[in-house]
Structure formats: structure tokens, C-alpha cells
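See below for the structure under consideration.
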Amino acid sequence: MIDTQLPLAYTGSKSKHHLFPVSRLSLIQSMKESENPKIAVLSAKIKSFPSLPSVVNHVLKITADPKSTVEELIRAISPDLALHTAILKISNSAFFGRMRKVSSLKQALMVLGFSEIQNIVLSKAVFNSFKNIRPDSLFPIRKFWEHSFLCGLAAKIISHDLSEESNDFFVAGLIHDIGKLVILMAMPDDFRMIIRQSDPRSLHTIDAETKIIGAGHDRIGSSLLTRWMFPENLVKAVGFHHQPEKAPGDRLFPVIVHTANRLSHMIPFPENKSDSKDMENEFSNIIHTGKLSGLDFNLKMLTRYREELIAGKEQEKDILELFLA
């Protein structure tokens, strides 16, 4: 169970939905202006990505308008049978804590609310956009999505402690590494070189990415989300999840996803068992970065988060299958 006490004190701004055009311009414009030919290839790949399905853009527009009605959202979603079905299945999962079965789209919208429906639609859109990636022995896509799911779950646990809208943070964690998939699709040979030069015990690739192609998956992922017109809090979380202290303005989304990412790497995949010294060092790094970004973590809290994440990995595993379906 997620502890509902509030031991954290976030000392930064707590507004979640302000726009931060500086973060978009600094990340996107720097890629456009780069003379690195590999960055040019990546930028072209991002431009060539198909736009999100019209139903997704329509849902984003409706959910962003406080004057919109449930009927408008139903009309937008209903023609897309696959999305309609996915919303019902996900709405009835234990992940959303539903006590009674949701049997209609209208009921799902009424029970979950616009924000939650937006989160489901965005998550499914990301999964669907990359579902045709071919398996690679150096980069098991299933393992990638398992880590992404754990990061989302960890972000939900942490944000719940802050009394934030935890499923907003779940989505941010879920999509934080999509820039890796862009690199894989645009430059498969370079991507394999990145994997070979990265720590084989984990999915950390940021240093090798910067060395080999001139940019990290954080910047690349945020560029794609900007093209897709995702909400600014998600763009910012993805773009600064490795350096949340450098995010302009409100750093809550970046620092929570950063912390969630590091915690999820500490969950013992069969080939990634951290010893106590490694864990202690990692906790120290999280605490240090948290302070720079406005969150005062301590060892006890991080240990509890990790324990909740281990339990949640088993309790909520069905939700990953629903997103992958």
C-alpha cells in the first residue's frame, strides 16, 4: 500500500500546469542549430515521425478546455474502437483502485475524470507509436518497457507522498526514456555502439549517447513530445529527468521522475542485483540532487519508496500488459 503520510516538503513552486516555453526552446532550438550531422539525422527523424492520431489530438484539446463536456469527449473517443476498449480495460484495472466495474465509456469518464482519461490516451499513444520496433538482442524491448513501467510506478508512489495528482507523474515516468527508441529507429548502428559502451548491468546510456551522437535521449525524447504537442509538464519531465536541477521554473516533475528513474534501476532485475554499498551511494546521489531541485529526501523515505516499488511491481504488473496490448 502507498503510505499517505506527507513527510516531504517541496520547497519549489507547486504549480503543475504552467507553461515553460524556455524549456522547449532551449532543448528543441539547440538541436535545430547543431552542426553535428548525427543531430541533424535525429532532428529529421523526429520531424518525419507520424503525428499522433487525430483522436488523440482531439482528446488533448477537449481535456485542456475547462468548458468541455463529457459528451464531447465521448464523441471524440467512441469512433476509435481500439481506444474505447483500452480505456474500459485500463479503467477496470486494480491500478486505478476501482471498487465497482466500469461498463461504459461514459461511466469511465465520469469516474476517472478528464485528467485520468488524458493520461490513458497519451500512454496508449506512446506505446502504439513504438509497437513495431523489431527485437534486438542488445536492447530487449520488453526490458525497456518494464523499466519504464517501474519508473512510472515509482513516480506515482513519490508524488502520492506529496499529495500531487499521482497518475500525471506515472505517465511522465512511463515515457521518460522514449528518446532511446527514437535513436534506435533513426541510427540503429550508433545505438548498438551506445549499448556496447554503456554499463551492461543497467539501462544507463546517457553518457555514451552524448559521446557518440552528441545528444542524450532526454533531449531527443522531449523534442518528439514537443512535436506531438504533449502537455508541457511531460515535455519538461522527459527533457530534464537526468538533470532536474537545470530545469527552468518549476522542477517538481523533473525531480520526481529523476528520483523514480534511479529507484527503478535499483529494483533487482535478475542481472542487476545492487549490493548495499551501491545502494547507499545511489541514495546519497538522490538526496543531493533532490536538495538542488527543492525536495528534501532522506534515507528512510527512499528505503520505503524502494520497498513499495518492489511490492507494486508484482501488484500492478497487469497494467503493463494492458498498455502493451
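Add 589 to the 1-based position in the sequence shown for the numbering used here, that's all there is to it. Virtual Cβ for every residue (Gly too), placed ideally from N, Cα, C.
In this structure, M774 lies away from L641, with their beta-carbon atoms at least 9 Å apart. In the three-state reduction of the DSSP assignment, F728 falls in the strand class. Per DSSP, reduced to three states, the secondary structure at L884 is strand.
Note that the C-beta distance between P833 and V824 is not below 9 Å. Straight through space, the alpha carbons of D867 and S873 are spaced by roughly 10 Å. If you draw a 10 Å sphere on the C-beta of E705, you find 16 or more other C-beta atoms in it, and that means buried. Comparing C-alpha distances from K720 to each of W734, R689 and N708 shows the shortest one belongs to W734. If the five residues before and after H830 are omitted, its C-beta is found closer than 7 Å to the C-beta atoms of H765, D807, P843, V846, H847 and N850, all from its own chain and listed in chain order.
One alpha carbon belongs to K634, the other to L739, and they sit about 28 Å apart.
Of the residues assessed, E869 falls on the exposed side of the cut-off, its CB having fewer than 16 other CB atoms within 10 angstroms.
Between L742 and G879, the C-beta spacing is not below 9 Å. In the structure shown, S640 falls within a coil segment according to DSSP collapsed to helix, strand and coil. DSSP places Q904 in the helix class (H, G or I) of the three-state scheme. Judged by their CB atoms, T652 and F703 are nearer to each other than the 9 Å cut-off.
Judged by DSSP secondary structure, K690 falls outside any alpha helix (DSSP H); it is assigned neither H nor E. Taking the Cβ atoms as the reference, S737 lies roughly 5 Å from L763, within the contact range of under 8 Å.
In this structure, the straight-line span from the alpha carbon of A761 to that of E624 is close to 30 Å.
Nearest to V715 by alpha-carbon distance, out of E821, G810 and L852, is G810.
Here the alpha carbon of P626 sits roughly 14 Å from the alpha carbon of I772. I802 and I628 have their C-alpha atoms roughly 7 Å apart. DSSP, read as helix, strand or coil, puts S752 in coil.
By the CB criterion at 9 Å, R689 and L727 fall outside the cutoff. Q707 is the residue among N717, D750, T794 and Q707 whose C-alpha sits nearest the C-alpha of D757. L751 is the residue among G883, L751 and L913 whose C-alpha sits nearest the C-alpha of Y894. Counting every other CB atom within 10 Å of its CB across the protein chains shown gives S680 a total of 16 or more, marking it as buried. For the 9 Å CB-CB criterion, V648 and I666 form a contact. Secondary structure of S682 (DSSP, three-state): coil. Excluding five sequence positions before and after D669, the CB atoms of its chain that fall closer than 7 Å to its own CB belong to V644, given in chain order.
Shown here for A675: same chain residues with a beta carbon closer than 6 Å to its own, the five before and five after excluded, namely K713 in chain order. Bounds of the alpha helix (DSSP H) holding G768 are I767 to A775. Between I746 and L881 a beta carbon distance of about 21 Å is seen, past the 8 Å cut, so the two are scored as non-contacting.
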